[in-house]
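I have placed the structure first, in the form of structure tokens, so that the comments after it can refer back to it.
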Amino acid sequence: MQHALTPIDREIERDVDSLAPGRDFSRRLFVQTSVGGGFAAAVLPVTAQTISTPADGLLAGTVEIAVGDFKMPAYRAQPAGQKNLPVVLVASEIFGVHEHIADVCRRFARQGYLAVAPELFARQGDAKAYTDIPKLISEVVAKAGDAQVLGDLDAALAWAGTQGGDVKRAAITGFCWGGRTTWMYAAHNPSLKAAAAWYGPVARSYFPGDKTAIERAAALKVPVLGLYGGADGGIPTDTLTQMEAALKAAGNSACEFVVYPDTPHAFHADYRPSYRKAAADDAWARCLAWFKKFV
Numbered sequence: 014m015q016h017a018l019t020p021i022d023r024e025i026e027r028d029v030d031s032l033a034p035g036r037d038f039s040r041r042l043f044v045q046t047s048v049g050g051g052f053a054a055a056v057l058p059v060t061a062q063t064i065s066t067p068a069d070g071l072l073a074g075t076v077e078i079a080v081g082d083f084k085m086p087a088y089r090a091q092p093a094g095q096k097n098l099p100v101v102l103v104a105s106e107i108f109g110v111h112e113h114i115a116d117v118c119r120r121f122a123r124q125g126y127l128a129v130a131p132e133l134f135a136r137q138g139d140a141k142a143y144t145d146i147p148k149l150i151s152e153v154v155a156k157a158g159d160a161q162v163l164g165d166l167d168a169a170l171a172w173a174g175t176q177g178g179d180v181k182r183a184a185i186t187g188f189c190w191g192g193r194t195t196w197m198y199a200a201h202n203p204s205l206k207a208a209a210a211w212y213g214p215v216a217r218s219y220f221p222g223d224k225t226a227i228e229r230a231a232a233l234k235v236p237v238l239g240l241y242g243g244a245d246g247g248i249p250t251d252t253l254t255q256m257e258a259a260l261k262a263a264g265n266s267a268c269e270f271v272v273y274p275d276t277p278h279a280f281h282a283d284y285r286p287s288y289r290k291a292a293a294d295d296a297w298a299r300c301l302a303w304f305k306k307f308v
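So for the sequence shown, this note's numbering puts the first residue at 14; every next one is plus one.
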């Protein structure tokens, strides 16, 4: 049975196809072997504007985090030799923890954070190896339910506490699928100090039976910064209005939405044509200021 594409799926597929028009995505041209190293097959070739943050002075690389009997791979970056660091959990896009997500971790580390990006699709398959977007969504992404993902994030946060991180000063951020995950984890873990959700859908879920962020708004007590593009074909702005209303109805007045006009989905993804430098730079500065204020 052919997988039916949602508006978000089509938005992602358009972005990916623009990297190499006419390319046959049924071929596996690239297989990622290391979490945080290289880029996912579906996004190759990357654009010339791709940002690369150096790791000198940082403790950075792949780690394993125990979740019961399962060893979950993750990418970690933090200032070398320092303790009592604020923690940032980084939730990836549908493409998993590839080089861009690792780079985001290094950017946070250079701001004094212990940043950790767990590979939340590790049980379902290698998201980085897929070239076919619908198959990636149906075979991997849609099988990673909130119960599993939120538990894995709990484990990642606890692990950070054993590595020099201060779990009492913790935040989460994430992009696209990870943006939705950011909303859901903020509702799940009220002890978080802050969250920043980058173009995460609030009116849909991926796993059958999971609730939407709007449906979980009543449980949200954490200050969340929502960063969105006004021209995102997969996230109508009226759904953000609904989310904002639901948060206010629940008594959460600390959340804030920033919508960039004429800006597409994935505007922070500097390795893709969807990247919009002005919006990305402004949103990154707002994210850092948000965490500085609350964490």
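C-beta: ideal position from N, C-alpha, C; glycine also.
- In this structure, Ala216 places its C-beta atom within 7 angstroms of the C-beta atom of Ile227.
- Proximity to Ile185 across Ala68, Trp297, Ala104, Ala55 peaks at Ala104, based on C-alpha coordinates.
- DSSP lists Ile78 as the beta-bridge partner residues of Met85.
- Here Cys300 has Ala209 as same chain residues with Cβ atoms under 6 angstroms from its own Cβ, once five neighbours each way along the sequence are excluded.
- Within the same chain, Gly177 come within 7 angstroms of Gln95 by CB-CB distance, once the 5 residues on both sides are set aside.
- Relative to Ser266, the option among Gly242, Ala231, Ala160, Asp245 whose CA is nearest is Ala231.
- Straight through space, the alpha carbons of Ala61 and Phe280 are spaced by roughly 15 angstroms.
- Around the beta carbon of Val271, fewer than 16 other beta carbons sit within 10 angstroms, so the residue counts as exposed.
- For secondary structure counted as the alpha helix (DSSP H) over 4 or more consecutive residues, the stretch 80 to 146 holds these complete runs in sequence order: 112 to 122.
- Lys181 carries a strand assignment under DSSP once its states are collapsed to helix, strand and coil.
- In the DSSP assignment, Ala207 is bridged to Ala184.
- Taken through DSSP and simplified to helix, strand or coil, Phe270 comes out as strand.
- A distance below 8 angstroms between beta-carbons, with the five flanking residues on each side excluded, links Arg229 to the following residues of its chain, in chain order: Trp196, Met197, Ala200.
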